[in-house]
Amino acid sequence: MPIETAMTARLGIKHPILSAPMAAVAGARLVAAVSEAGGLGILGGGYGEKAWLEQETAKLKKCSAPFGIGFITWSLAKQPELLDVALAAKPRAIMLSFGDPKPFAPRIKAAGSLLICQVQTEDMAREALDAGADILVAQGTEAGGHGASRTTLDIVPAIVDFAAGRVPVVAAGGIADGRGLAAMMMLGASGVLLGTRFYASIECEVEEAAKQRICAATSGSTARSVVFDLSRNIFWPAPFTLRALVNDHARRWTGREVELMQNLATVSADYAAARQARNFDVAGVFAGEAVGLIHDIPLAAEIVGRIVTEAEQIMNGRRNSAAMSRAVAGR
Numbered sequence: 263m264p265i266e267t268a269m270t271a272r273l274g275i276k277h278p279i280l281s282a283p284m285a286a287v288a289g290a291r292l293v294a295a296v297s298e299a300g301g302l303g304i305l306g307g308g309y310g311e312k313a314w315l316e317q318e319t320a321k322l323k324k325c326s327a328p329f330g331i332g333f334i335t336w337s338l339a340k341q342p343e344l345l346d347v348a349l350a351a352k353p354r355a356i357m358l359s360f361g362d363p364k365p366f367a368p369r370i371k372a373a374g375s376l377l378i379c380q381v382q383t384e385d386m387a388r389e390a391l392d393a394g395a396d397i398l399v400a401q402g403t404e405a406g407g408h409g410a411s412r413t414t415l416d417i418v419p420a421i422v423d424f425a426a427g428r429v430p431v432v433a434a435g436g437i438a439d440g441r442g443l444a445a446m447m448m449l450g451a452s453g454v455l456l457g458t459r460f461y462a463s464i465e466c467e468v469e470e471a472a473k474q475r476i477c478a479a480t481s482g483s484t485a486r487s488v489v490f491d492l493s494r495n496i497f498w499p500a501p502f503t504l505r506a507l508v509n510d511h512a513r514r515w516t517g518r519e520v521e522l523m524q525n526l527a528t529v530s531a532d533y534a535a536a537r538q539a540r541n542f543d544v545a546g547v548f549a550g551e552a553v554g555l556i557h558d559i560p561l562a563a564e565i566v567g568r569i570v571t572e573a574e575q576i577m578n579g580r581r582n583s584a585a586m587s588r589a590v591a592g593r
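For the sequence shown, the numbering used here gives the first residue as 263, with consecutive numbering after it.
Following this line, the structure appears as structure tokens:
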């Protein structure tokens, strides 16, 4: 049975599950699989490779279900024409993260798409609502990839309270199963956005070795740092850092970031070579703290089905327990 929320109604989807727009690896295949399973798949527009975006949006023309396209907002500002490529695909929603959405909101709205904004503080939520956001994603620090410092358990109810019913709020960060969905709904969220769980899916466009590393990881195997960004010659604005599996490269340079920058040419060349060789002792696997809950690499549709079924069972059990308690109290 579907779990209906304000978010599912607004997006016109069956299940309150969104797949994160993981840069480059959340391609059309994963997006279509999540959307056709009843969630909302979101294409990972990332830093903005036009040829890749055109290729993947062309594939999505065959998708019969609503889908979204996501961008790193500060990077999109350097190539604003990419928004036209995205909007030409007629997505149900555009998701913007890590920057001011105001310059892009009018074009998104005029094209008939909804605006989803990912936020990490109340100030960011205010900025997003002022821009006309239709949905807020409250991202906790447990999330893989880039994020800030507040925990999911803190930021989700804070943003739910701040939104005060004006828009649905989606939870992100450290969620990988039905228990996470049920818990976030108890905090007032209208759904969840999952990255790492869908990273370890058959349809995700990433090397099998990277997926296997996620399955083998245990809780506490990830950390936030700037090491992988520096190693890729990518400089992110504060307060955002990147969460990834801790590997040999992270252990070597964590705490030695100044020295890394002093040797950036050599380090970045070695890193690029490792990435090309699929050497994940050096190249990063960007994953969140939910890795300890992930032990297999199924189809994306199976992930959606599992999470919804488990969450529904948990919530029905809670409702049944509450009803029994009321009945006993009334005797």
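C-beta: ideal position from N, C-alpha, C; glycine also.
Legend entry - CB contact check: G457 to chain B, cutoff 8 angstroms: The chain inventory of the structure shown lacks chain B, comprising one protein chain alone.
Inset, instruction - Could you tell me the distance, in whole angstroms, from the CA atom of G274 to the CA atom of P328? - result: 8 angstroms
Legend entry - Supposed close pair L456, A444 - CB separation, criterion 8 angstroms: About 14 angstroms; that fails the 8 angstroms criterion.
Legend entry - G457, DSSP secondary structure in three states: Judged by DSSP in its simplified three-state form, G457 adopts coil rather than helix or strand.
Inset, instruction - Look at L561 and A294 and say whether their C-beta atoms are less than 8 angstroms apart. - result: no
Legend entry - Per-residue DSSP class, three states only, for V468: coil
Inset, instruction - Mind checking who S281 pairs with in its DSSP beta bridge? - result: L456
Inset, instruction - Compute the Euclidean distance between the alpha carbons of A506 and R513, then round it to the nearest angstrom. - result: 12 angstroms
Inset, instruction - Return the chain-ordered list of same chain residues with a C-beta closer than 6 angstroms to the C-beta of R486, the five sequence neighbours on each side being excluded. - result: T503 and R505
Legend entry - Helix, strand or coil at A350 according to DSSP, with G and I counted as helix: Three-state result, A350: helix.
Inset, instruction - Please report the Cβ distance between H511 and V547, rounded to the nearest whole angstrom; I am assuming they are in contact, meaning their Cβ atoms lie under 8 angstroms. - result: About 11 angstroms; that fails the 8 angstroms criterion.
Inset, instruction - May I ask you to report which of helix, strand or coil DSSP gives V544? - result: coil
Inset, instruction - Within the same chain, show all residues whose beta-carbon is closer than 8 angstroms to that of K364, passing over the 5 residues directly before and after it, in chain order. - result: E389, D392 and A393
Legend entry - Residues near I451 by beta carbon distance below 7 angstroms, same chain, minus five either side: First, the residue type needs correcting, since residue 451 is Ala and not Ile in the sequence shown. Result list for A451: V418, V422, V431, V432 and A433, in chain order.
Inset, instruction - From the DSSP output, read off the bridge partner residues of V431. - result: L398
Inset, instruction - Tell whether a beta-carbon distance below 8 angstroms holds between L398 and A387. - result: yes
Legend entry - A410, DSSP secondary structure in three states: coil
Legend entry - Cβ neighbours of R441 in the same chain (closer than 8 angstroms, five flanking residues each side left out): E572, A573 and I576
Legend entry - 7 angstroms Cβ shell around K312 - same chain, five flanking residues per side excluded: Contacts found: L344 and V347.
Inset, instruction - Could you tell me how far apart the beta carbons of Y461 and V287 are, in whole angstroms, since I believe they sit closer than 8 angstroms? - result: 7 angstroms
Legend entry - Beta-carbon proximity of R412 to G427, cut-off 8 angstroms: no
Legend entry - Element boundaries [alpha helix (DSSP H), containing I600]: This structure cannot speak to residue 600, because the chain is shown only from 263 to 593.
Legend entry - Q380, DSSP secondary structure in three states: Three-state result, Q380: strand.
Legend entry - L338 beta carbon less than 8 angstroms from that of G601: An answer regarding residue 601 cannot be provided, because it is not within the stretch 263 to 593 covered by the chain.
Legend entry - Whole-angstrom distance between K340 and R475, CA atom to CA atom: Looking at the two C-alpha atoms, the distance is approximately 34 angstroms.
Inset, instruction - Using 10 angstroms around the beta-carbon of V520, count the other beta-carbons present and answer buried if the total reaches 16, otherwise exposed. - result: exposed
Legend entry - Bridge partners - T484, DSSP secondary structure assignment: L507
Inset, instruction - Would you kindly work out how many angstroms separate the C-alpha atoms of V381 and G435, rounded to a whole number? - result: 12 angstroms
Legend entry - S297 - containing alpha helix (DSSP H), residue span: A290 to E298
Legend entry - Residue burial classification, T528 (beta-carbon count within 10 angstroms, cutoff 16): By the beta-carbon neighbour count (other beta carbons within 10 angstroms, threshold 16), T528 is exposed.
Inset, instruction - Find the nearest neighbour of I331 within the set A299, N541 and I370, judged by alpha-carbon distance. - result: I370
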